[in-house]
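Written below as structure tokens is the structure these notes are about.
In structure tokens form, the structure reads like this:
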């Protein structure tokens, strides 16, 4: 979940140290970038639900690591359910439940208020960010606008996020996170569907419905 959050936190183009320093030192909110992000936010707010399949890729070239996994996500309001790598991560509006089916274990935790959630990927990133329009290009046969986001908080463990926005639909279709440790996280969204009927029960985890499950409560409540 942490990797998902910092990377959305999704997704890898390398930049020189000088280029990164230049952007980090520029407290700018590019008007063109802001307009596009506002359009994405406005479009997203029209939808009651969002469902998507995605491919998550982790890459660290210096360590010769590259690993990809497929997953899917469903969102309704601020709630979400994410399935990836044998994990089912559910946010019911109060708690995050991380269910590991193979070990029959679920962790119950309170979400980090400073972390990005999967929901944030579909919304405007205005608070706490500097942003800059990069260019229009084509990715996977789709015309996209590229926007770089740089966190104002220097304590974040990633230096920037590059968003690819579908120019026709105003959807984020890819996000690339540039970790300060040289690790890059990419989330490529596929098969985005909106306003489908999704039961509220999908966004809840009932331990009683999983007899024998080991509940690890990390909430300190």
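In my numbering, the protein residues as written are 7 to 227. Where a beta carbon is used, it is the ideal one built from N, C-alpha and C, also for glycine.
Reduced DSSP category for residue i - H, G, I as helix; E, B as strand; rest coil
{"i": "residue 181", "result": "strand"}
{"i": "residue 49", "result": "helix"}
{"i": "residue 110", "result": "coil"}
{"i": "residue 59", "result": "strand"}
{"i": "residue 117", "result": "coil"}
{"i": "residue 73", "result": "strand"}
{"i": "residue 151", "result": "strand"}
{"i": "residue 88", "result": "strand"}
{"i": "residue 212", "result": "coil"}
{"i": "residue 43", "result": "helix"}
{"i": "residue 206", "result": "helix"}
{"i": "residue 142", "result": "strand"}
{"i": "residue 37", "result": "helix"}
{"i": "residue 66", "result": "strand"}
{"i": "residue 224", "result": "coil"}
{"i": "residue 217", "result": "coil"}
{"i": "residue 30", "result": "The predicted model places residue 30 with a pLDDT of 42, which falls under 50 and marks its position as unreliable; any figure quoted below should be read in that light. Correct three-state label for residue 30: helix."}
{"i": "residue 200", "result": "strand"}
{"i": "residue 193", "result": "strand"}
{"i": "residue 172", "result": "strand"}
{"i": "residue 78", "result": "strand"}
{"i": "residue 101", "result": "coil"}
{"i": "residue 130", "result": "Note that residue 130 has pLDDT 45, beneath the 50 cutoff, so the model's placement of it is unreliable and no number is given."}
Residue of the options minimising C-alpha distance to residue i
{"i": "residue 100", "options": "209, 162, 221", "result": "209"}
{"i": "residue 196", "options": "80, 46, 45, 215", "result": "80"}
{"i": "residue 70", "options": "188, 97, 90", "result": "188"}
{"i": "residue 207", "options": "98, 161, 37", "result": "98"}
{"i": "residue 160", "options": "169, 186, 182", "result": "186"}
{"i": "residue 217", "options": "107, 193, 226", "result": "107"}
{"i": "residue 117", "options": "54, 213, 85, 183", "result": "85"}
{"i": "residue 165", "options": "184, 198, 147", "result": "184"}
{"i": "residue 194", "options": "83, 74, 162, 157", "result": "74"}
{"i": "residue 5", "options": "140, 92, 158", "result": "Since the displayed the chain opens at 7 and closes at 227, residue 5 lies outside it and no answer follows."}
Same chain, Cβ closer than 6 Å to residue i, five either side skipped, listed in chain order
{"i": "residue 78", "result": "59, 89"}
{"i": "residue 155", "result": "131, 135, 137, 167"}
{"i": "residue 151", "result": "42, 142, 171, 173"}
{"i": "residue 72", "result": "65"}
{"i": "residue 221", "result": "112, 213"}
{"i": "residue 169", "result": "153, 178, 181"}
{"i": "residue 10", "result": "Summary for residue 10: the model assigns pLDDT 46, below 50, so the residue's position carries little reliability; its value from the coordinates is reported in the next sentence. So no residue of the chain qualifies."}
{"i": "residue 76", "result": "61"}
{"i": "residue 102", "result": "115, 117"}
Close Cβ partners of residue i (< 7 Å) along its chain, the five nearest in sequence each way excluded
{"i": "residue 224", "result": "113, 114, 115"}
{"i": "residue 51", "result": "none"}
{"i": "residue 148", "result": "172, 179"}
{"i": "residue 53", "result": "200, 201"}
Own chain partners of residue i with C-beta closer than 8 Å, once the 5 adjacent residues on each side are dropped
{"i": "residue 49", "result": "175, 176, 177"}
{"i": "residue 144", "result": "150"}
{"i": "residue 110", "result": "216, 218, 219, 220"}
{"i": "residue 163", "result": "12, 185, 186, 187"}
Okay, do the segment 56-67 and the segment 173-191 touch, 3+ Cβ pairs below 8 Å being the bar?
Using a Cβ-Cβ distance cut-off of 8 Å, the segment 56-67 and the segment 173-191 are in contact, since at least three pairs of beta carbons, one from each stretch, lie closer than that value.
Spell out a yes or no on whether the segment 199-215 and the segment 65-76 are touching, meaning 3 or more CB-CB pairs, one atom from each, closer than 8 Å.
Too few Cβ pairs lie closer than 8 Å, so no.
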